[in-house]
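Numbering (our numbering), first residue to last: 783 to 999.
Before any comments, here is the structure.
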């Protein structure tokens, strides 16, 4: 009987150690630093947008915007919670999918601007050619999102709750996105200084969320 009890005690101790180790690992993973927030995309392409799979747009010139809003997260010892930044993408040649061109950052603080642009490059894998620090007004309510860069951009999109993304889009989105869903552009007007305005409505929009470990890779 004593041997049986000893064997049972040994098995119990091993089980307890395994459970504690798994719990510690899970807690460590849950507590690991991460950048989390929402993302939306608007472009003049038809729905579904062909750029994600075919790298060819259905618009003559696809001037596209990504809007990132950080709910929580620290990068390079800088708290980015509440930050909004907008990435302008445009094609190098008409008819092709757009590529990152200008990053608009909602801050006048150089350290925060540097942390934001580095997080976009290191965590999201996006490398714009130019960075502009400016005022960005962001508002999200229900299924709609509005962004304004005074004198430059007016951006209004909404999500279509009952419409799923087509496989050719969902299978080719950024790997850091989740809960992505189809949306529609209410109105986008882009007015670059010294150039003609670009506007579109009732075209493609996409909504999603992200949560990326924020340790610098």
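Idealized CB from N, CA, C, for every residue including glycine.
Where do the ends of the alpha helix (DSSP H) carrying residue i lie?
i	result
residue 993	Per DSSP, residue 993 belongs to no alpha helix (DSSP H); it is in the beta strand (DSSP E), 986-995.
Pick helix, strand or coil for residue i, following the three-state DSSP scheme.
i	result
residue 843	coil
residue 938	strand
residue 901	helix
residue 921	strand
residue 863	coil
residue 804	Legend: pLDDT at residue 804 = 36, less than 50; position of this residue unreliable, value from coordinates given subsequently. In this structure, residue 804 counts as helix in the three-state DSSP scheme.
residue 949	helix
residue 973	coil
residue 896	helix
residue 823	strand
residue 856	strand
residue 829	coil
Tell me where the beta strand (DSSP E) around residue i begins and ends.
i	result
residue 835	Per DSSP, residue 835 belongs to no beta strand (DSSP E); it is in the alpha helix (DSSP H), 833-836.
residue 977	Element bounds for residue 977: n/a, residue is neither H nor E.
residue 882	881-887
residue 913	912-915
Provide the residue(s) that pair with residue i in DSSP beta bridges, ordered along the chain.
i	result
residue 756	One cannot answer for residue 756 here, as it falls past the ends of the chain, which runs 783 to 999.
Could you tell me if residue i is buried or exposed, where buried requires 16 or more neighbouring beta carbons within 10 angstroms of its beta carbon?
i	result
residue 826	buried
residue 960	exposed
residue 978	exposed
residue 804	Only weak support is given to the placement of residue 804: the predicted model assigns it a pLDDT of 36, under 50, and the value that follows is read from those uncertain coordinates. Exposed: under 16 other Cβ atoms inside 10 Å.
residue 984	exposed
Got a sec: does the ligand COA put a non-hydrogen atom nearer than 8 Å to the Cβ of residue i?
i	result
residue 932	As for the ligand COA, it is missing from this structure, which has no ligand bound.
Tell me whether the region 909-918 and the region 936-952 touch, counting them as touching only if at least three CB pairs, one residue from each stretch, are closer than 8 Å.
These segments do not touch.
Within the chosen definition, does the region 970-977 reach the region 931-943 through at least 3 CB pairs nearer than 8 Å?
The region 970-977 is in contact with the region 931-943.
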